[in-house]
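Quick notes on the structure that follows.
Below is the structure:
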């Protein structure tokens, strides 16, 4: 082998590679980087879920802190951990996994609330709506709890997924959404706890700091600054403003109609007081005598002062406590009071103990139960007693008044202006009206009940005497006429019971007006005179209620009768008797006239009863079943009209039942289904069946019997011979005849126009 060929082979062969470095250190570095990346991802995901969990814990404020929302916080963290476990999977896998976590969390919460898996869809569909339909604090409905858990789990999973995919700023949006929901649904709860806000900011700092990397160029700190501003602005400033303005999105939602059978509680004062012997309406363990409120009446429709229309279900917290005022726990035990309203006293903070859901009006002044309480039911009240001194009200303005729903007569508005002419403040105006009524009018307990607009105008401008019902109702109209926010309260005076506590009897039914002032709430005024005068004369110039005046002796033209001492002694020997005087023509005329009057009255009664029986028989035996049903309802309304209730021809069946409730509150509920059947008979496609029509008349008979028991046989007898319903039927026939004549005339005109057109075309 030559040297040249050896050299060529040496150049042709590749040089030997250097030995590789040991693999152990490189693999350890790669593993350490992967592990640190997973830890950072886990910390970011947990921090994102923690922001949602902290916000979810504040959902308890929606319930007034009466129910914790730990389940919602756990659901948010669990969904965040699931998102962490599948964050390297495709998006559809991550979506399915997070959805599964939401379902599991929701089912767990539903099981804890005693629900079944089959009710999960309906709970999720109605939960938020149930909270929106209730007043704050919302009851802890199972559907609402489950919805909050599902919402928090979704927010936790989405926040963690966004953070794990380098969208940390967007990962804060779900928790901010929960904060916004809390602020909207718990505005009355005030500002959020500072500790919760601080904890959320700490979790947010951890989230943004861990999620930022070198490629952001410090952008994580920019996100951090913006998030801090949002954190402070939305939960604190926003909620504070909402709390201050008392704004609640549920106020824009029309509440479900919640009505009480007693449409005019002010008119029941005489009914309660006339119970003989007086019965126990309710009792309490409050030792001191007090005036208890049953219901506040902020509306006047021209016939009566009525309860509010915005009652909503709530969780029992009536109002926020007053600072520096002690809270007292009071137990109320129901007696013979037949009402859904719960008696309250003072400033009510909390009501509990009802087996059914509680409802409260928008002003937080009256509490209703969905199911009427029964004898012996207990209610637990947390109340505060704050006495407002007149000097404290000096210079205080009244709240903004709601306009009266009826147009007041000029006589009432002019009188209100005259009474308050010298007043310089709202307090002076309110006090002037009370003082004027108490000094210029006569309190007559024997005045018939009623406070319609016509009755109050007569009371204020002419008779100037009335019962406390008229005094209180008139104060409300006069105060409303000068722009004061006024309402009427109905309740009972409770006296100390020797056996302990206090008791409210039916004889203690009372009413009083209240005016709302800034920072003080509703303040009561007393327009009643210090003493009643059932036999005094009126200070007014018009007609007055009849009083028991002494009967004056009528002068006579007969010659004076001689005194017995001056009379001559009788002649016992005389045998002739003086002739008997004949019957006086005046006596004959008086007796004959009386008989004619009695015959006329009997004829009147017989004719009226015959006409009513004829109308009733024609209605019941009508060939059209729809007319039979409508006739049953019309007969019931005629019954109410004969008792003295005024109805308008344009009223609907529902409105007619409401008017009947004001006259016969205990029996009107029997007429309500008849009105519903009559409405269906008119508007339904299919006519009612004969059993339905017969059932309507059977309910009518029950209504008539209950009315007789409620009003008494004397008023029922007077109603039986009243002409009011006959006049109403005659007017209805006249209107129907006029409408028919108008339709015939229009048809005749149309035919004439058509004939004229054809002649012109020819």
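Residue numbers (my numbering): 1 to 762. Ideal Cβ positions, reconstructed from N, Cα and C, are used throughout, including at glycine. Note that this is a predicted model, so its numbers are computed, not measured.
Checklist entry - According to the Cβ coordinates, are residue 527 and residue 434 closer than 7 Å? => result As a position in the chain shown, residue 527 is number 527, starting the count at 1. As a position in the chain shown, residue 434 is number 434, starting the count at 1. Yes, they are a contact pair.
Checklist entry - Less than 7 Å separating the beta-carbons of residue 135 and residue 312? => result Here residue 135 refers to the residue found at position 135 when the chain shown is read from its first residue. Here residue 312 refers to the residue found at position 312 when the chain shown is read from its first residue. In contact: residue 135 and residue 312 (Cβ atoms closer than 7 Å).
Checklist entry - Of all the options 133, 726, 626, 345, which has the alpha carbon lying nearest to the alpha carbon of residue 310? => result Taking the chain shown and counting its residues from 1, one reaches residue 310 at position 310. Restricting attention to 133, 726, 626, 345, the CA atom closest to the CA of residue 310 is found in 133.
Item to check | Run of the beta strand (DSSP E) containing residue 673, from where it starts to where it stops | outcome: The residue labelled residue 673 in the question sits at position 673 within the chain shown. Run containing residue 673: none in the beta strand (DSSP E); it sits in the alpha helix (DSSP H), 672 to 683.
Checklist entry - Nearest to residue 516 by CA position, among 711, 402, 275, 654, is which residue? => result For the purposes of this step, residue 516 is taken as the residue at position 516 of the chain shown. Ranking 711, 402, 275, 654 by Cα distance to residue 516 puts 402 first.
Item to check | Segments of 3+ residues assigned as beta strand (DSSP E) that fall wholly inside the segment 395 to 465 | outcome: For the segment 395 to 465, not one full-length beta strand (DSSP E) segment reaches 3 residues or more.
Checklist entry - In angstroms, rounded to a whole number, what distance separates the CA positions of residue 215 and residue 98? => result Counting from 1 along the chain shown, the entry for residue 215 is found at position 215. Counting from 1 along the chain shown, the entry for residue 98 is found at position 98. Caution is warranted here: a pLDDT of 41 is assigned to residue 215, below 50, making its placement in the model unreliable, and the coordinate value is therefore given only provisionally. About 29 Å.
Checklist entry - Which residues in the same chain have their Cβ closer than 7 Å to the Cβ of residue 86, if we skip the five residues on either side of it in sequence? => result As a working mapping, residue 86 is identified with position 86 in the chain shown. The answer, listed in chain order, is 93, 94, 97.
Checklist entry - I think residue 296 touches residue 163, with their Cβ atoms under 8 Å apart; what is that distance to the nearest whole Å? => result In the chain shown, the residue the question calls residue 296 occupies position 296. In the chain shown, the residue the question calls residue 163 occupies position 163. With a Cβ gap of about 52 Å, residue 296 and residue 163 do not count as contacting.
Checklist entry - Thinking C-alpha only, which one of 479, 195, 459 is nearest residue 470? => result Your numbering for residue 470 matches position 470 in the chain shown. Nearest neighbour of residue 470 by Cα position, chosen from 479, 195, 459, turns out to be 459.
Checklist entry - Would you report the Cα separation of residue 669 and residue 705, rounded to the nearest angstrom? => result If you number the chain shown from 1, residue 669 lands on position 669. If you number the chain shown from 1, residue 705 lands on position 705. Approximately 13 Å, taken between the alpha carbons.
Checklist entry - Roughly how many whole angstroms lie between the Cα atoms of residue 200 and residue 368? => result By 1-based counting over the chain shown, the position of residue 200 is 200. By 1-based counting over the chain shown, the position of residue 368 is 368. If you take the alpha carbons of residue 200 and residue 368, they lie about 39 Å apart.
Checklist entry - What does DSSP give as the partner residues of residue 347 in its beta bridges? => result As a first step, residue 347 must be located in the chain shown, where it is residue number 347. Partner(s): 384.
Checklist entry - Does DSSP put residue 692 in a helix, a strand or coil? => result Here residue 692 refers to the residue found at position 692 when the chain shown is read from its first residue. In the structure shown, residue 692 falls within a helical segment according to DSSP collapsed to helix, strand and coil.
Next on the checklist: In this structure, how does DSSP classify residue 651 when only helix, strand and coil are distinguished?
Outcome noted: By one-based count along the chain shown, residue 651 stands at place 651. DSSP, reduced to helix, strand and coil, places residue 651 outside both helices and strands of the structure shown, so it counts as coil.
Item to check | Assigned exposure category for residue 698 - 16 Cβ within 10 Å defines buried | outcome: Mapped onto the chain shown, residue 698 falls at position 698. Looking at its Cβ environment, which holds fewer than 16 other Cβ atoms inside 10 Å, residue 698 is exposed.
Checklist entry - For the beta strand (DSSP E) that residue 283 lies in, which residues bound it at each end? => result As a first step, residue 283 is located in the chain shown; it is residue number 283 there, counting from the start. From DSSP, the beta strand (DSSP E) with residue 283 extends over 280 to 284.
Checklist entry - Where do the ends of the beta strand (DSSP E) carrying residue 359 lie? => result In the chain shown, counting from the first residue as 1, residue 359 sits at position 359. It spans 358 to 360 - the beta strand (DSSP E) in which residue 359 sits, taken as one unbroken run.
Item to check | Length of the line joining the Cα atoms of residue 60 and residue 195 | outcome: The sequence position of residue 60 within the chain shown is 60, counting from 1. The sequence position of residue 195 within the chain shown is 195, counting from 1. Straight through space, the alpha carbons of residue 195 and residue 60 are spaced by roughly 15 Å.
Item to check | Nonlocal neighbours in the same chain, by C-beta distance under 7 Å from residue 52, ignoring five residues either side | outcome: The residue labelled residue 52 in the question sits at position 52 within the chain shown. For residue 52, same chain residues with a beta-carbon under 7 Å away, outside a window of 5 residues either side, are 76, 152, 155, 156, 159, 174, 175, 178 in chain order.
Next on the checklist: Does the contact criterion of 3 or more C-beta pairs under 8 Å hold for the segment 285 to 293 versus the segment 487 to 498?
Outcome noted: Enough Cβ pairs lie closer than 8 Å, so yes.
Next on the checklist: Alpha carbons only, please: which of 107, 128, 127, 126 is nearest the one belonging to residue 118?
Outcome noted: One-based indexing of the chain shown puts residue 118 at position 118. For residue 118, the closest alpha carbon among the candidates 107, 128, 127, 126 is that of 107.
Next on the checklist: Does residue 675 pass the burial test, meaning 16 or more other C-beta atoms within 10 Å, or should it be called exposed?
Outcome noted: Locating residue 675 in the chain shown gives position 675, counting from the first residue. Only buried fits residue 675, as 16 or more other CB atoms lie within 10 angstroms of its CB.
Item to check | Span of the beta strand (DSSP E), counted from its first residue to its last, around residue 293 | outcome: Numbered from 1 along the chain shown, position 293 holds the residue referred to as residue 293. Boundaries of the beta strand (DSSP E) harbouring residue 293: 290 to 297, taken from the DSSP string.
Checklist entry - First and last residue of the alpha helix (DSSP H) that includes residue 129? => result Taking the chain shown and counting its residues from 1, the one referred to as residue 129 is at position 129. 120 to 133 is the extent of the alpha helix (DSSP H) around residue 129.
Next on the checklist: Spatial neighbours of residue 375 within its chain, please: C-beta separation below 8 Å, excluding the five flanking residues on both sides.
Outcome noted: As a first step, residue 375 is located in the chain shown; it is residue number 375 there, counting from the start. 334, 335, 336.
Checklist entry - Given residue 514, which residues of its chain have a CB within under 8 Å of its CB, disregarding the five upstream and five downstream residues? => result For this step, residue 514 is matched to residue 514 along the chain shown. Within the same chain, residue 514 has close Cβ partners 296, 486, 487, 488, 489, 522, 523, 524, 525.
Next on the checklist: For the beta strand (DSSP E) containing residue 517, name the first residue and the last one.
Outcome noted: Indexing the chain shown from 1 puts residue 517 at position 517. Start and end: 502 to 517.
Checklist entry - Of the choices 331, 123, 643, whose alpha-carbon is the least far from that of residue 501? => result The count along the chain shown starts at 1 and reaches residue 501 at position 501. Residue 331 is the option with its Cα nearest to residue 501.
Next on the checklist: Just verifying my parser: in three-state terms, what is the DSSP assignment at residue 161?
Outcome noted: In the chain shown, residue 161 corresponds to position 161, counting from 1. Residue state, collapsed to three classes: helix.
Item to check | Close Cβ partners of residue 538 (< 7 Å) along its chain, the five nearest in sequence each way excluded | outcome: Counting from one through the chain shown, the residue named residue 538 turns up at place 538. Unreliable positioning characterises residue 538 in this predicted model, as indicated by a pLDDT of 40, which lies under 50. The coordinate reading is nonetheless provided below. Sequence-distant Cβ neighbours of residue 538 in its own chain, meaning closer than 7 Å and more than five residues away, are 442, 463, 464, 465, 544.
Next on the checklist: DSSP three-state label for residue 341, please.
Outcome noted: Residue numbering aside, residue 341 sits at position 341 when the chain shown is read from its first letter. In this structure, residue 341 counts as strand in the three-state DSSP scheme.
Checklist entry - Expressed to the nearest angstrom, what Euclidean distance is found between the alpha-carbon atoms of residue 719 and residue 629? => result Along the chain shown, read from residue 1 onward, the residue named residue 719 stands at position 719. Along the chain shown, read from residue 1 onward, the residue named residue 629 stands at position 629. Rounded to whole angstroms, residue 719 to residue 629 spans 23 Å at the Cα level.
Next on the checklist: Please tell me whether residue 357 and residue 338 are closer than 7 Å, where the distance is taken between their beta carbons.
Outcome noted: For the purposes of this step, residue 357 is identified with residue 357 of the chain shown, where counting begins at 1. For the purposes of this step, residue 338 is identified with residue 338 of the chain shown, where counting begins at 1. The answer is no: Cβ separation not under 7 Å.
Checklist entry - Would DSSP call residue 181 helix, strand or coil? => result The residue given as residue 181 occupies position 181 in the chain shown. Residue 181 falls in the helix class under three-state DSSP.
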